[in-house]
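Each remark here refers to the structure printed beneath this line.
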Amino acid sequence: MNSFEQEIAEALAATGSFEKEAALKLISVPPDTTHGNFTIPCFSLAKVMRKAPKMIAEDLAAQVKLPAGLSKVEAVNGYLNFFIDRGFLAKSTLEEIAAKGLEYGHAAPNGKVVCIDFSSPNIGKELAFHHLRSTMIGNSLSRIYKAAGYKVERINHLGDWGTAFGKLIVMYLREKRPTDDATLDSLTVKELNILYAAFSKASKEEPGLEDEARAAFTKLEQGDEFYRKLWTAFRAATLKELMRIYDMMGVGFDHYTGESFFEDKIPAILDELREKNLMVKSQDLDVVMLDEFDLNPCLIRKSDGSTLYATRDLAAACYRKKEYNFDKCLYVVDLGQALHFKQVFHVLKKMGREWYKDMYHIPFGVILQLVDGKWEKGKTRTGTASLLRDVIEAAQKKILEFIDEKNPNLENKELIARQIGISALTFNDLKNSRLKDVRFDWDAVMSFEGDTGPYVQNAHVRLCSIMRKAGIDRADLAAAIKDVNFAELSDDAAYSLINILSKKGKKILDAVAGDEPSVLAQYALEIAEAAHKFIHEDRVLGSAEEKSRLFLVQATQIVLENVLDLLGLFPIRQM
RNA sequence: GCCCUUGUAGCUCAGUUGGAUAGAGUGUCAGCCUCCGAAGUUGAAGGUCAUGCGUUCGAAUCGCAUCAAGGGUACCA
136 MNSFEQEIAE
146 ALAATGSFEK
156 EAALKLISVP
166 PDTTHGNFTI
176 PCFSLAKVMR
186 KAPKMIAEDL
196 AAQVKLPAGL
206 SKVEAVNGYL
216 NFFIDRGFLA
226 KSTLEEIAAK
236 GLEYGHAAPN
246 GKVVCIDFSS
256 PNIGKELAFH
266 HLRSTMIGNS
276 LSRIYKAAGY
286 KVERINHLGD
296 WGTAFGKLIV
306 MYLREKRPTD
316 DATLDSLTVK
326 ELNILYAAFS
336 KASKEEPGLE
346 DEARAAFTKL
356 EQGDEFYRKL
366 WTAFRAATLK
376 ELMRIYDMMG
386 VGFDHYTGES
396 FFEDKIPAIL
406 DELREKNLMV
416 KSQDLDVVML
426 DEFDLNPCLI
436 RKSDGSTLYA
446 TRDLAAACYR
456 KKEYNFDKCL
466 YVVDLGQALH
476 FKQVFHVLKK
486 MGREWYKDMY
496 HIPFGVILQL
506 VDGKWEKGKT
516 RTGTASLLRD
526 VIEAAQKKIL
536 EFIDEKNPNL
546 ENKELIARQI
556 GISALTFNDL
566 KNSRLKDVRF
576 DWDAVMSFEG
586 DTGPYVQNAH
596 VRLCSIMRKA
606 GIDRADLAAA
616 IKDVNFAELS
626 DDAAYSLINI
636 LSKKGKKILD
646 AVAGDEPSVL
656 AQYALEIAEA
666 AHKFIHEDRV
676 LGSAEEKSRL
686 FLVQATQIVL
696 ENVLDLLGLF
706 PIRQM
């Protein structure tokens, strides 16, 4: 892909009209392929060359010597359009896919490290549907960065420390729950969640309860043994359920270093802030002033001396830099916390950590749910948020009905139904720009036609089905290429599919550049649509072009499988 | 008040560094299974790109202003 642009630029430079670098900058991709594969708009050249753009394009078209692999150059309305030879594109693209397989379009290792902090749910609460966003965006980004050549450290910064535990402890003791080992061992998140909601309700009537919770957390932070024991039980109960769900979704982490992990690393941070005279008293708390950046002060310690979110994030950032020596550190956290991260990054700057500029908040919009006829943010606390496992179960059930109707003899249909369901939810989350709020419309999410996960999976399944009937496997790819006649893959349906496949590498880089999995989700849709069209229009099995077309089916399958994998979707083979 | 994000077809959204006739899906209407999976495919209809001004040969895209929605803004995370 890149080399085409290089060669066009060189050929243009050879006409003597302008420099290669300038030509390279002008090359762009036309909106549709009827205008070719590359184009040079000549309008900006008009002033320098003192000619009408139309004339410039026509003159260049006449002068330029067409590089190998290009079939045509033409001047249209001031645009100079280049067309790639279909057979050449088929050959170069498919040969590379045959050689690289699943890793076609991936970049070579670049020696860089990226830390990605994602999911990071709060302990003591059930995973709500909106936690899917950070989890799935982060999961996909970590796969995409790896494909782009990075070493990735996937970090789950569990919310396992803070006032929330004060609340749980207060409520647990207030309700006089048993605190023997056996009871604590068998605690479930469900119970904790109810406790949490009960606290919210009670604190509305008793304002003093919040203070009580804060005091309980302070006691926990100071090392009270009994409180520690309760905290450990709460944490273990939540983690058990979390792992079950991550496992089901195919999400993994390299580190579960939650907030509590940084507890003993905080004093050093406080000392440093004090030594550098950055920490001041304001309204009875310790803060770092950020006036010079037009930001509110960053709160470091509460009036009772206990720590805050920002304090622990500072310790975590310094720890990560020391431990992983990252080139980039990403925080996949919702948009509402933009100010918090800005503050933390600027405190690091004031501390003289030059790497503060490698820290990125990757924000995303919230999931809105219909509550009493209005779209609002679901809250675990008030019980308006749908629980992730409920949503997954509902999706699975609905898809199972679908399978029973269409393909009742499918083996493992419960598992496959769940995988399709999870993929549908994931895709719904990833297909749009991350900053957009997602309206969780049950009907839209549970419909499996059009721009959905199942649409993409269905394309993959159909490709696999043809391969199964032909008795071939993905592993035959490298050997099968020698039987391909590339000229047989130059009809519109085959060509446009190949053209899309050839863009995989660029799409991965685009997704990394914008930290945007939706780039690849949209790309998956493009592949699926072109694949559906190809097998609809070009009969594969039994045709005169069977070997060539079968190879394109295999190549498409392997590209699609990897794109699905990069998105964190299950590339299932039957449905 | 200040700050951040969003505004494109009835609905949900794409639209790359400014470039050719602003594209999909969904919904509505009309077609396509004796043929590799119809969870598919072909077509029709549907637009003041929130509004105004500006920059430019050229603006959905860049700048300024206004409007609307959502979020944040000192002891939650």
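No gaps in the numbering here: position 329 of the first sequence is 464 in our numbering, and each next residue is one more. From the three backbone atoms N, C-alpha and C, an ideal C-beta is built for every residue, glycine too.
Residue i and residue j closer than 9 Å at C-beta
i: Leu523; j: Ile707; result: no
i: Phe253; j: Ile290; result: yes
i: Glu310; j: Ala333; result: yes
i: Ala686; j: Ile616; result: The question names Ala, but residue 686 is Phe in the sequence shown. Going by C-beta atoms, Phe686 is nearer than 9 Å to Ile616.
i: Val482; j: Leu449; result: yes
i: Ala146; j: Pro202; result: yes
i: Phe397; j: Arg447; result: yes
i: Thr373; j: Gly259; result: yes
i: Ile279; j: Leu570; result: no
i: Cys250; j: Tyr491; result: no
i: Gly585; j: Phe562; result: no
i: Leu109; j: Cys177; result: Residue 109 is absent from the model: the chain starts at 136 and stops at 710.
i: Met383; j: Arg553; result: yes
i: Val694; j: Ile662; result: yes
i: Asp467; j: Phe476; result: Asp is not the amino acid found at residue 467; the sequence shown has Val there. Not a contact, by the Cβ cut-off of 9 Å.
i: Lys485; j: Leu413; result: yes
Cα-Cα separation, residue i to residue j
i: Tyr495; j: Arg674; result: 49 Å
i: Asp564; j: Gln198; result: 50 Å
i: Val287; j: Tyr214; result: 43 Å
i: Leu420; j: Ser255; result: 27 Å
i: Trp296; j: Ser582; result: 39 Å
i: Leu267; j: Leu655; result: 18 Å
i: Ser558; j: Thr323; result: 27 Å
i: Gly246; j: Gly284; result: 7 Å
i: Ala234; j: Glu681; result: 21 Å
i: Asn697; j: Leu237; result: 6 Å
i: Gln141; j: Lys641; result: 15 Å
i: Gly385; j: Ser277; result: 13 Å
i: Val619; j: Cys599; result: 19 Å
i: Met602; j: Phe218; result: 32 Å
i: Glu546; j: Glu261; result: 32 Å
i: Trp577; j: Glu623; result: 45 Å
i: Val479; j: Ile502; result: 25 Å
i: Arg574; j: Glu511; result: 9 Å
i: Thr150; j: Ser163; result: 19 Å
i: Glu230; j: Gln692; result: 15 Å
i: Ile551; j: Met710; result: 7 Å
i: Ala148; j: Gly487; result: 47 Å
i: Lys186; j: Val211; result: 15 Å
i: Met424; j: Gly471; result: 21 Å
i: Met136; j: His241; result: Residue placement at Met136 is flagged as unreliable, the pLDDT there being 42, under the threshold of 50; the coordinate-derived value follows with that caveat. Near 14 Å, if we compare the C-alpha coordinates of His241 and Met136.
i: Ala679; j: Glu549; result: 40 Å
i: Leu303; j: Glu356; result: 14 Å
i: Gly171; j: Arg221; result: 11 Å
i: Phe223; j: Ser138; result: 13 Å
With 16 other Cβ atoms within 10 Å as the buried cut-off, status of residue i
i: Asn84; result: With the chain running from 136 to 710 in the structure shown, residue 84 is simply not present.
i: Leu676; result: exposed
i: Gly556; result: buried
i: Asn328; result: buried
i: Asn544; result: exposed
i: Ser568; result: exposed
i: Thr314; result: exposed
i: Ala243; result: exposed
i: Pro652; result: buried
i: Met306; result: buried
i: Leu293; result: buried
i: Ser417; result: exposed
i: Met378; result: exposed
Inside the segment 444-482 only - alpha helix (DSSP H) runs reaching at least 4 residues: 444-459
Contained alpha helix (DSSP H) runs [length at least 4] in the segment 161-247, N- to C-terminal order: 180-184, 188-198, 221-235
Validate contact between the segment 364-379 and the segment 318-329 using beta carbons, cut 8 Å, 3 pairs: yes
Minimum length 3: unbroken beta strand (DSSP E) runs contained in the segment 597-683: none
Touching by the beta-carbon criterion (3+ pairs, under 8 Å), the segment 527-534 and the segment 387-394: no
Inter-stretch contact (C-beta, 8 Å, three-pair minimum) for the segment 423-436 and the segment 326-341: no
Length at least 4, wholly inside the segment 356-408: the alpha helix (DSSP H) runs in chain order: 360-384
Whole beta strand (DSSP E) elements within the segment 266-342, 3-residue minimum: 286-290
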